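Please read the structure below before turning to the comments.
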Amino acid sequence: MDSWLEAHTDHSLSFSSESPPPIQWIEGWGRIGVWGKELHSTELEPASAGAALFRGLGRSYGDSSLPAGAGDVVVNTTFADRILGFDEKHLIVLAEAGCSLRELNRVFLPRGFFVPVTPGTQFVTLGGMVASDVHGKDHHVHGTIGRHVLSLRMRVADGRVLRCSREEHPDLFLATLGGMGLTGHILEVEMRMRRVPSPWIRQYSRRVDDIDEFLEALAQAAKRWPYTVGWIDCLTRGRHMGRGILLAGDWASPDEAPSSFPKPKKKINISFDFPSFILGPHTVAAFNHLYYWRHLPRERFCLTHWEDFFYPLDAIGGWNRMYGKRGFTQYQCVLPAAAGPEAPRRVLEILTKHGGASFLCVIKDCGPEGEGVLSFPMEGVSIALDIPIRGDTQELIDTLNEEVLREGGRIYLTKDRFTRREHFVEMEKRRLPRFQEIRQKWDPELRIRSAQSVRLFGDPMPSPKKADGFAFRK
Amino acid sequence: MREPRSVVLLGGTSGIGRALARKLAERGDRIVLFGRKPEELERSVQDLRVRGASKAAWVECDLRKPESFASSFDEAQKVLGFFDTVIVTAARFATQEQLERDRELLYELLTVNFTHTVLFCEEAKNRLLARGGGTLCVLSSVAGERGRKPVVFYGATKAGLSRYLEGLDHRFRQEGLRVITIKPGFVKTPMTAGLKPPPFAAEADEVAELILFAIDWGIPVLYVPLVWAPIMSVIRRLPRFVMRRFNF
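From first to last, the protein sequence lines are chains A and B.
So the mapping is simple: the working numbering equals the position in the first sequence, first residue as 1, plus 19.
So the mapping is simple: the working numbering equals the position in the second sequence, first residue as 1, plus 20.
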């Protein structure tokens, strides 16, 4: 704290703090964490020198944003959130990596602009979105966010700060899209926004009876709607396995939308851990029934709030605490179109066999693979599952991964915490060597690393200290 | 419609100051940021422009160099034409342990948070009075309400500052100068990052919203978040032998 603080700060209830960052508990959204050092900084350029990793709002579920060891410093970017320019004619925005999607939406949507691609939560930073190369309900039309990123300003491992794009250092640029922050630290992002006709969503939803009908319905909806996604009740087995609700939408035109800007949504906060029985199979089965049968007419059209449409779970702050102290993980895989329509059925069968292992799943048909060297989506069907941690979680993930391997699919690193290295390497045998080659070129000593890269990419483990390693929250 | 304010803001590049500057910008006020790092200032000014400030600019001003205040205000006057609001969110902070160890740091904190801040306010006051009044809003702290173990020096500077601002308000309110003293509790800013947030820890954004309210309505003293008002009224009344036993 030897720098001048232009910020007013108060320490009224001070706890003795020795800076720079003390070793503290850092966790991902799934609430499994590690001990490490987290440095919050307004100025990313000086802070990034010597950092092992950047992290934003910590919404990746597993260990992607966690330090590899207690000696590694991760820089939290959330205070570096300035928008540095907006070119309204060309729709180009330049912002610091810590700028949140929520802030971008708040500033730009009232003016008729929206981010090119949005994930299912607003509580992510621009840097995080690029590092995960996020996709959204419109993947079949707009691809991942990487497609709309024009350039990045980065701190690379040798200490240089440089700009990269499709023309300048293209290898670095493309490896950084979906590169999980392992190629260098993202300081600024320049991307192209999109114009929207109104801030309201015209929504279409439909009740679907089983998995085959679902795939068919998704394909149909994709032709007519830029945003499509499906919610599947994972507790129903047998004939109705894969029943759920299909959701599709588009921005409403100015004449059908109300003239007012939609009011910001009220948020409730969960500030304590739920006991584990609350999200048990029975309560969730009841919820799923309600959710399914609430959609009594088979089809429904309505005008809806953009926050409800894109970010339903953001209405509950800290919803990850509903899974209790043991936390949860998410498993997301994509099954290539080539594997055929039977592939998603086989995955669902594994899941329902594990009785109540996951309560619900989100299904989405993806468009063609993007440019990012290690970017997740590919043409096919993506399935995302929330899985509360139980004794058999590792076993379940292993079984799912083996199935995904057979189908020629792959997993989404941003969600992952349990995949074994051999499975990951096998899934990515086509792309991983190229990614590692680019990484080697820019960071031969592998100074930039995460807990995940040690687990999956085989990065060397930092020298062990007593506080190292994973642990469940006490 | 409200006339846009013309604001000089010292400390607007980060923390509460940044959040406050954004709120001013979003409603179309005119802003000059005072600070000491040109590059940071420039980036913040860009941010304010994108958010809709009808004018945004910066002027170098270092709270450690009181001799620079007059020329900084001259410059601001040139850029804005006039200004009717001066806000100070900058302050020095260090932990009690650091200050006990480091005499130079202590000297700097004492002079900057009290002496130089007062000199800055005097300069602002003179200029605001010269055009018939205006608003001077300064961030003090709840730490100035009682002498407490973890904030002996910091609290002392803030106590002095609060008293000065109170006197200023009494003396010049008649002449059109509104002096607004803000007393924040723990706020999550770059500075407090890494500390375990105590109960009632606030976000910079909600605090900024309240400060803006105080500025617009001319509220002389405001605890932010508001919950600190009843808490401090109890703490102010605690007998010393009780305070002595507390470690907070």
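Glycine included, each C-beta is placed from N, C-alpha and C at the ideal position.
Predicted model only: the values in this text are computed from it and were never measured.
Exercise. Does the beta carbon of B:Ser182 come closer than 9 Å to any beta carbon on chain A?
Worked result: Counting from one through the second sequence, the residue named residue 182 of chain B turns up at place 162. False, the Cβ-Cβ gap to chain A never drops below 9 Å.
Problem set entry | Contact the stretch 248–260 of chain A vs the stretch 306–325 of chain A: 3+ CB pairs below 8 Å | yes
Exercise. Taking Cβ positions only, does B:Asp326 come closer than 9 Å to chain A?
Worked result: Missing from the structure shown is residue 326 of chain B; chain B here goes from 21 to 268 and no further.
Problem set entry | Residue nearest to B:Ala77 in terms of C-alpha spacing, selected from B:Arg71, B:Phe54 and B:Lys85 | Locating residue 77 of chain B in the second sequence gives position 57, counting from the first residue. Among B:Arg71, B:Phe54 and B:Lys85, the Cα nearest to that of B:Ala77 is on B:Phe54.
Exercise. Name the chain A residues whose beta carbon is nearer than 7 Å to that of B:Pro58?
Worked result: The residue given as residue 58 of chain B occupies position 38 in the second sequence. Within 7 Å Cβ-Cβ: nothing; B:Pro58 doesn't reach chain A, min ~13 Å.
For this session: Taking only beta-carbon positions, decide if B:Asp94 is within less than 9 Å of chain A.
Result: Residue 94 of chain B sits at position 74 when you count from the first residue of the second sequence. Judged by the 9 Å Cβ criterion, B:Asp94 is not in contact with chain A.
For this session: Pull up the distance between the alpha-carbon of A:Ala358 and that of A:Gly155, whole angstroms please.
Result: Locating residue 358 of chain A in the first sequence gives position 339, counting from the first residue. Locating residue 155 of chain A in the first sequence gives position 136, counting from the first residue. Taking the straight line joining both Cα atoms gives about 22 Å.
Exercise. For A:Ile467, which three-state DSSP category applies?
Worked result: Translated into the one-based positions of the first sequence, residue 467 of chain A becomes position 448. It is coil, neither helix nor strand.
Exercise. In chain B, which residues lie less than 9 Å from A:Ser60 when you measure between Cβ atoms?
Worked result: Taking the first residue of the first sequence as 1, we reach residue 60 of chain A at position 41. Chain B residues near A:Ser60: Pro210 and Ala213.
Exercise. If you check the beta carbons only, do A:Leu393 and A:Leu432 fall under 9 Å apart?
Worked result: Position 374 of the first sequence, counted from the first residue, corresponds to residue 393 of chain A. Position 413 of the first sequence, counted from the first residue, corresponds to residue 432 of chain A. Yes. Within cutoff.
Problem set entry | Straight-line gap, A:Arg262 to A:Ala236 (C-alpha atoms, nearest Å) | Residue numbering aside, residue 262 of chain A sits at position 243 when the first sequence is read from its first letter. Residue numbering aside, residue 236 of chain A sits at position 217 when the first sequence is read from its first letter. Roughly 12 Å separates the two Cα atoms.
For this session: Starting from B:Arg71, find everything on chain A with Cβ-Cβ shorter than 9 Å and list it in chain order.
Result: Taking the second sequence and counting its residues from 1, the one referred to as residue 71 of chain B is at position 51. Those within 9 Å of B:Arg71 in chain A are Ile102 and Val126.
For this session: For A:Thr28, count neighbouring C-beta atoms within 10 Å of its own C-beta (all shown protein chains included) and say buried if the count is 16 or more, exposed if not.
Result: Against the first sequence, residue 28 of chain A aligns to sequence position 9. Summary for A:Thr28: the model assigns pLDDT 39, below 50, so the residue's position carries little reliability, and this model does not support an answer.
Exercise. Is there at least one Cβ from chain B nearer than 9 Å to A:Lys493's Cβ?
Worked result: By 1-based counting over the first sequence, the position of residue 493 of chain A is 474. Note on A:Lys493: pLDDT 36, under 50, position unreliable in the model; the coordinate value appears next. With 9 Å as the cut-off, A:Lys493 does not count as an interface residue toward chain B.
For this session: Check distances from the C-beta atoms of the stretch 81–108 of chain A to those of chain B and list, in chain order, the residues that come in under 8 Å.
Result: Under the 8 Å Cβ criterion, the stretch 81–108 of chain A contributes Asn95, Phe98, Arg101, Ile102, Leu103, Gly104 and Phe105.
Exercise. Touch check for the stretch 127–138 of chain B and the stretch 171–189 of chain B: three-plus C-beta pairs under 8 Å?
Worked result: yes
For this session: With DSSP collapsed to three states, give me the class of A:Leu76.
Result: Within the first sequence, the letter at position 57 stands for residue 76 of chain A. Reduced to three states, the DSSP call for A:Leu76 is coil.
Exercise. If we cut at 9 Å on Cβ distances, does A:Glu390 have a partner in chain B?
Worked result: The residue given as residue 390 of chain A occupies position 371 in the first sequence. It does not; no Cβ of chain B falls within 9 Å.
Exercise. Straight-line CA distance for A:Val400 to B:Ala45?
Worked result: Reading the first sequence from its first residue, position 381 is the one you call residue 400 of chain A. Reading the second sequence from its first residue, position 25 is the one you call residue 45 of chain B. Rounded to the nearest angstrom, the two C-alpha atoms are 44 Å apart.
Problem set entry | A:Glu421 versus B:Ala221 - alpha carbon distance | What you label residue 421 of chain A is simply residue 402 of the first sequence in a count that begins at 1. What you label residue 221 of chain B is simply residue 201 of the second sequence in a count that begins at 1. Approximately 46 Å between the Cα atoms of the pair.
Exercise. Residues of chain A with CB under 9 Å from B:Ser64, in chain order?
Worked result: Along the second sequence, one-based indexing puts residue 64 of chain B at 44. For B:Ser64, the neighbours in chain A by C-beta distance under 9 Å run, in chain order, Arg101.
Problem set entry | A:Leu58 in three-state terms, based on DSSP | Reading the first sequence from its first residue, position 39 is the one you call residue 58 of chain A. Reduced to three states, the DSSP call for A:Leu58 is strand.
For this session: Can you tell me which of the three DSSP states A:Ser84 falls into?
Result: Within the first sequence, residue 84 of chain A is the residue found at index 65, counting from 1. Coil.
Exercise. Applying a beta-carbon distance threshold of less than 8 Å, which residues of chain A neighbour B:Asp67?
Worked result: By one-based count along the second sequence, residue 67 of chain B stands at place 47. Correct list: Arg101, Ile102 and Leu103.
For this session: Compute the distance between the beta-carbons of A:Leu181 and A:Asp152, then report whether it is under 9 Å.
Result: Sequence index remark: in the first sequence, residue 181 of chain A carries index 162 (1-based). Sequence index remark: in the first sequence, residue 152 of chain A carries index 133 (1-based). No. Outside cutoff.
Exercise. In angstroms, rounded to a whole number, what distance separates the CA positions of B:Lys178 and A:Arg101?
Worked result: Residue 178 of chain B sits at position 158 when you count from the first residue of the second sequence. Residue 101 of chain A sits at position 82 when you count from the first residue of the first sequence. Roughly 30 Å separates the two Cα atoms.
For this session: Answer with buried or exposed for B:Phe233, where buried requires no fewer than 16 other C-beta atoms within 10 angstroms of its C-beta.
Result: Here the question's residue 233 of chain B lines up with position 213 in the second sequence. So B:Phe233 counts as exposed.
Problem set entry | A:Arg440 vs A:Leu475 beta-carbon contact at 9 Å | Locating residue 440 of chain A in the first sequence gives position 421, counting from the first residue. Locating residue 475 of chain A in the first sequence gives position 456, counting from the first residue. Cβ distance < 9 Å, so A:Arg440 and A:Leu475 count as in contact.
For this session: Using a Cβ-Cβ cut-off of 9 Å, state whether A:Glu209 counts as contacting chain B.
Result: As a first step, residue 209 of chain A is located in the first sequence; it is residue number 190 there, counting from the start. Answer no: the Cβ-Cβ gap between A:Glu209 and chain B never drops below 9 Å.
Exercise. Going by alpha carbons, who is nearest to B:Glu87 out of B:Pro210, B:Ser253, B:Glu142 and B:Val106?
Worked result: Residue 87 of chain B sits at position 67 when you count from the first residue of the second sequence. Nearest of B:Pro210, B:Ser253, B:Glu142 and B:Val106 to B:Glu87, Cα basis: B:Glu142.
Problem set entry | Per-residue DSSP class, three states only, for A:Leu315 | Position 296 of the first sequence, counting from 1, holds the residue named residue 315 of chain A. The answer is coil: DSSP assigns A:Leu315 none of H, G, I, E or B.
Exercise. Are the Cβ atoms of A:Gly117 and A:Thr96 separated by less than 9 Å?
Worked result: In the first sequence, counting from the first residue as 1, residue 117 of chain A sits at position 98. In the first sequence, counting from the first residue as 1, residue 96 of chain A sits at position 77. Result yes, Cβ atoms of A:Gly117 and A:Thr96 sit closer than 9 Å.
Exercise. If you run the structure through DSSP and keep just helix, strand and coil, what is A:His188?
Worked result: Reading the first sequence from its first residue, position 169 is the one you call residue 188 of chain A. A:His188 falls in the coil class under three-state DSSP.
Exercise. From what residue to what residue does the beta strand (DSSP E) around A:Ile111 run?
Worked result: For the purposes of this step, residue 111 of chain A is taken as the residue at position 92 of the first sequence. Segment Ile111 to Glu115, the beta strand (DSSP E) holding A:Ile111.
For this session: Taking all protein chains shown into account, decide if B:His190 is buried (16 or more other Cβ within 10 angstroms of its Cβ) or exposed.
Result: Against the second sequence, residue 190 of chain B aligns to sequence position 170. Looking at its Cβ environment, which holds fewer than 16 other Cβ atoms inside 10 Å, B:His190 is exposed.
Exercise. Which runs of the alpha helix (DSSP H), 4 residues or longer, sit entirely within the stretch 94–131 of chain B?
Worked result: 116–121 and 123–130
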